[in-house]
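A short write-up of the structure that comes next.
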């Protein structure tokens, strides 16, 4: 992707790769507290939040007024099949997953939804 953009810029101008923006908007991707957002849902249906992972084995999760306890595992192998669980992702934020399933389909959530994890 970056190589294609660089080649277009080399042969023309920045406008050749996209629309110029006037103002840069800073996104608050990481929250320090227990209330945050669903920032992404990946191709597997894993729910990526902007809440940092901590060294805890169980968390209380609240989405759309529904609460429940979820275990946090160090890897996908540790979870049981079809179990909703938390894992700390590569950006050190909490992700909700289902082993061999789609957490977003199960919980009916979308990017931008609010989430509380404590």
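Residue numbers (the numbering used here): 266 to 383. Using N, Cα and C, we set each Cβ at its ideal position, and we do this for glycine too.
- Query: Short check: CB of residue 327 to CB of residue 380, under 9 Å?
  - Reply: yes
- Message: Quick check on residue 344: buried or exposed, where buried means 16 or more other Cβ atoms within 10 Å of its Cβ?
- Response: buried
- Message: If I measure Cβ to Cβ from residue 374 and keep anything under 7 Å in the same chain, skipping five residues before and after, which residues do I get?
- Response: 303, 312, 328
- Message: Whole angstroms are fine: how far does the CA of residue 353 sit from the CA of residue 308?
- Response: 17 Å
- Query: Relative to the alpha-carbon of residue 333, which residue among 323, 340, 314, 339 has its alpha-carbon at the smallest distance?
  - Reply: 323
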